[in-house]
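Worksheet: the structure to be examined is printed underneath.
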Amino acid sequence: MLARLVPALEAPLPRTALAALVALAAVLVVTPLLAAAARRRRFGDRDDKSDSDTLNALHKGKRSTPIVGGIAMLAGTALSTLLLADLTSVPVLALLGAVVGLGALGVADDWQKTFGQRRTRGLSARQKLVGQVVVAVAVAGALLGQAAWGAPGAGPDLAALTRLHVPVLGWALPLGALGFVALSALVVTGTSNAVNLTDGLDGLAGGCALAAVAAYLAVAAVAGDPTLAAAWGAAPVPGAAAICPVLGALGGALCGFLVYNRHPARVFMGDTGSLPLGGALAVAALVTKQELLLVVIGGVFVAEALSVIAQVASFKLTGKRVLRCAPLHHHFEFAGWKEVQIVGRFHAAALALAALGVVGLGATGLLGAP
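Just so it is clear: in the sequence shown, position 26 is 11 by the numbering used here, and no numbers are missing.
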């Protein structure tokens, strides 16, 4: 919208920078207002204790913290996107739709935890999964429609979109339309759940997500600009740069949120924030055709998810646990690490993995030709 009124904002970089600033300002203003309202309405008090008495004791002081950070992030991201992103772009609409759709699912979950008649632990795993799959299928359908019937150059063609590129090896595996839908469902549900699992300590998920969002912003900028792609030694992906303002807005919103979420946290993001954060990373990976790169850039989230899978599998098969507590960050809590120590080291790992992914993009040709 503003890009049409201000010629200087036609270039992707100024628009992306302004999108980040608008979202940052919105979150900084809105968050304390929402937090104050939440305290009056007790939107934070919840009865979602874990099965671990030790974990409940460690986090006893967090139980009344308002879970409105996700709402503020959604508002800031949506406002900035509507003002500065190209709303005629299908990838932009797919990314925004995923953020809003998964955000709505998170609102339902957080509302159930706080205001539900029985103060349950939120939506069931099945309900969440169904919602995530619906969003993923809608995203895949939009991208497939663009590839099949959209304007040339607005995005990859159908054959390119439905290939899975294997990093380093340079393989391109044809999936077909149904395979791409299945891949989208796997990436969206897996990433959104992984970010959700990581959201257990002050600033942990937000900081790790910020590193991953910044990395995919760089990937989209390189892939969407033929000149940058040539300089980086990568093949271009038509339409990828259109999502840069949305990722910039999300990054700015995360920065604003972290101001209030750093230890000791004054607000939490809840599922309202964690589910759309993971979904946004997943859609960015799908749009840039770098789905497998997400395993590197989002390596902290992968480790957290795998720790839960390993813990559950080990207990069911052997009756023994491989970790003191899962997800992984709780294992270190139980080992005596301080919360800020855990978060700092996880953030360092997230930054290193994000940098590795971006550097490896050019060094190994991870953007292999469509």
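From the three backbone atoms N, C-alpha and C, an ideal C-beta is built for every residue, glycine too.
Because the structure is a prediction, the values reported are computed rather than measured.
* To do: In the DSSP assignment, find the beta strand (DSSP E) that holds His248 and state where it starts and stops.
  => Counted from its first residue, the sequence shown places residue 248 at position 263. It is not in any beta strand (DSSP E) - His248 carries neither H nor E in the DSSP assignment.
* To do: Reducing DSSP to helix, strand and coil, say where Trp156 ends up.
  => For the purposes of this step, residue 156 is identified with residue 171 of the sequence shown, where counting begins at 1. It is a strand residue.
* Would you mind sorting Ile228 into buried or exposed? The rule is 16 or more other CB atoms within 10 Å of its CB. => Your numbering for residue 228 matches position 243 in the sequence shown. Per the 10 Å Cβ criterion, buried.
* To do: Apply the 10 Å Cβ neighbour rule to Trp217 and answer buried if 16 or more other Cβ atoms are within range, or exposed otherwise.
  => Taking the sequence shown and counting its residues from 1, the one referred to as residue 217 is at position 232. Note on Trp217: 16 or more other CB atoms within 10 angstroms of its CB, so buried under the neighbour-count rule.
* **Beta-carbon gap between Ala8 and Gly86 smaller than 7 angstroms** => For the purposes of this step, residue 8 is taken as the residue at position 23 of the sequence shown. For the purposes of this step, residue 86 is taken as the residue at position 101 of the sequence shown. Taking 7 angstroms as the cut-off, the beta carbon of Ala8 is found no closer than this to the beta carbon of Gly86.
* When burial is assigned at 16 or more other CB atoms within 10 Å of the CB, is Pro137 buried or exposed? -> Position 152 of the sequence shown holds residue 137. Label assigned to Pro137: exposed.
* To do: Rounded to whole angstroms, what's the CA-CA distance from Asp184 to Gly209? Just pull it up for me.
  => The residue labelled residue 184 in the question sits at position 199 within the sequence shown. The residue labelled residue 209 in the question sits at position 224 within the sequence shown. Their backbone Cα atoms lie some 31 angstroms apart in a straight line.
* To do: Inspect the beta-carbon positions of Ser259 and Asn181 and report whether they are closer than 7 angstroms.
  => Counted from its first residue, the sequence shown places residue 259 at position 274. Counted from its first residue, the sequence shown places residue 181 at position 196. Inclusion of Ser259 and Asn181 in the CB contact set at 7 angstroms is warranted, their separation being smaller than that value.
* Going along the chain, which unbroken runs of the alpha helix (DSSP H) with 4 or more residues stay wholly within the segment 104 to 169? -> Segments of the alpha helix (DSSP H) lying fully in the segment 104 to 169: 110 to 134 and 143 to 146.
* Tell whether a beta-carbon distance below 7 angstroms holds between Ala170 and Ala339. => By one-based count along the sequence shown, residue 170 stands at place 185. By one-based count along the sequence shown, residue 339 stands at place 354. Here Ala170 is not near Ala339, since their CB atoms are 7 angstroms or more apart.
* **C-beta contact flag for Asp95 and Asp256 at 7 angstroms** => Residue 95 sits at position 110 when you count from the first residue of the sequence shown. Residue 256 sits at position 271 when you count from the first residue of the sequence shown. In this structure, Asp256 lies closer than 7 angstroms to Asp95 by Cβ.
* Asked: Nearest CA to the CA of Pro223: which residue from Leu18, Val75 and Gln112?
  -> Position 238 of the sequence shown holds residue 223. Selected option, being the one with the closest Cα: Val75.
* Can you find at least 3 beta carbon pairs, one from the segment 227 to 245 and one from the segment 163 to 179, that sit closer than 8 angstroms? -> No, they do not touch.
* Are Pro230 and Ala70 close, meaning C-beta to C-beta below 7 angstroms? -> Position 245 of the sequence shown, counted from the start, is the residue given in the question as residue 230. Position 85 of the sequence shown, counted from the start, is the residue given in the question as residue 70. In this structure, Pro230 sits near Ala70, with a CB-CB distance shorter than 7 angstroms.
* **Rounded separation between Arg48 and Val252 - CA only** => Here residue 48 refers to the residue found at position 63 when the sequence shown is read from its first residue. Here residue 252 refers to the residue found at position 267 when the sequence shown is read from its first residue. Between the C-alpha atoms of Arg48 and Val252 there is a straight-line separation of about 11 angstroms.
* Completely contained alpha helix (DSSP H) runs for the segment 245 to 309, where each covers 4 or more residues -> The qualifying runs are 255 to 272, 279 to 282 and 284 to 303.
* Asked: Does DSSP classify Asp71 as helix, strand or coil?
  -> As a working note, residue 71 is residue 86 in the sequence shown. Reduced to three states, the DSSP call for Asp71 is coil.
* Ser49 (DSSP reduced to helix, strand or coil) -> Translated into positions along the sequence shown, residue 49 becomes position 64. Ser49: coil per DSSP, three-state reduction.
* **Buried versus exposed call for Leu351 [16 or more other C-beta atoms within 10 Å across all chains shown]** => Numbered from its first residue, the sequence shown carries residue 351 at position 366. Reliability fails at Leu351, whose pLDDT of 43 lies under 50, so the model's placement of it is uncertain and the value that follows must be treated cautiously. That one is buried.
* Along the alpha helix (DSSP H) that carries Trp217, what are the first and last residues, could you check? => Reading the sequence shown from its first residue, position 232 is the one you call residue 217. Residues Pro211 to Trp217.
* To do: Would you tell me roughly how many angstroms separate the C-alpha atoms of Phe319 and Leu308, rounded to the nearest one?
  => Here the question's residue 319 lines up with position 334 in the sequence shown. Here the question's residue 308 lines up with position 323 in the sequence shown. In this model, Phe319 and Leu308 are separated by some 9 angstroms (Cα to Cα).
* Asked: Which ranges does the alpha helix (DSSP H) cover as unbroken runs of at least 4 residues, wholly within the segment 311 to 339, from first to last along the chain?
  -> Here the runs fully enclosed are 313 to 319.
* Nearest-angstrom Cα separation, counted from Ala215 out to Ala375 -> Residue 375 cannot be examined here, being either before or after the span of the chain that is shown, -14 to 355.
* Nearest-angstrom Cβ-Cβ length linking Val207 and Ala79, presumed shorter than 8 angstroms -> For the purposes of this step, residue 207 is taken as the residue at position 222 of the sequence shown. For the purposes of this step, residue 79 is taken as the residue at position 94 of the sequence shown. No, Val207 and Ala79 are not in contact; Cβ-Cβ is about 20 angstroms, not under 8 angstroms.
* Helix or strand or just coil, what does DSSP make of Pro221? -> Here residue 221 refers to the residue found at position 236 when the sequence shown is read from its first residue. Reduced to three states, the DSSP call for Pro221 is coil.
* Asked: On the three-state DSSP scale, how would you describe Ala(-7)?
  -> The residue you call residue -7 lines up with position 8 of the sequence shown. Unreliable positioning characterises Ala(-7) in this predicted model, as indicated by a pLDDT of 48, which lies under 50. The coordinate reading is nonetheless provided below. Under the three-state reduction of DSSP, Ala(-7) is assigned to helix.
* Asked: Between Val272 and Val124, what straight-line distance do the alpha-carbon atoms span, to the nearest angstrom?
  -> Along the sequence shown, read from residue 1 onward, the residue named residue 272 stands at position 287. Along the sequence shown, read from residue 1 onward, the residue named residue 124 stands at position 139. Rounded to whole angstroms, the gap between the alpha carbons of Val272 and Val124 is 10 angstroms.
* Would you mind working out which of Arg25, Ala270, Cys240 and Leu90 sits nearest Gly116, comparing C-alpha positions? => Walking along the sequence shown from the start, residue 116 turns up at place 131. If we check each option's Cα against that of Gly116, Leu90 comes out closest.
* To do: Closer than 8 angstroms by C-beta to Leu336: which residues in its own chain qualify, once you throw out the five before and the five after it? Chain order, please.
  => Looking up residue 336 in the sequence shown gives position 351. Ala196, listed in sequence order.
* Asked: Taking Cβ to Cβ, would you say Ala2 is nearer than 7 angstroms to Val53?
  -> Counted from its first residue, the sequence shown places residue 2 at position 17. Counted from its first residue, the sequence shown places residue 53 at position 68. Against a cut-off of 7 angstroms, the Cβ pair of Val53 and Ala2 comes out as no contact.
* Grouping DSSP H, G and I as helix and E and B as strand, with all else coil, what is Leu6? -> Residue mapping note: residue 6 aligns to position 21 of the sequence shown, counting from 1. Helix, per DSSP.
* Asked: When the Cα atoms are used, what is the spatial distance from Ala265 to Ala83?
  -> The residue you call residue 265 lines up with position 280 of the sequence shown. The residue you call residue 83 lines up with position 98 of the sequence shown. Between the C-alpha atoms of Ala265 and Ala83 there is a straight-line separation of about 7 angstroms.
* Going by C-alpha distance, which of Gln296, Leu277 and Lys301 is nearest His315? -> On the sequence shown, position 330 is the one that residue 315 refers to. Among Gln296, Leu277 and Lys301, the Cα nearest to that of His315 is on Gln296.
* To do: Tell whether a beta-carbon distance below 7 angstroms holds between Ala4 and Ala234.
  => For this step, residue 4 is matched to residue 19 along the sequence shown. For this step, residue 234 is matched to residue 249 along the sequence shown. Yes, the Cβ-Cβ distance between Ala4 and Ala234 is below 7 angstroms.
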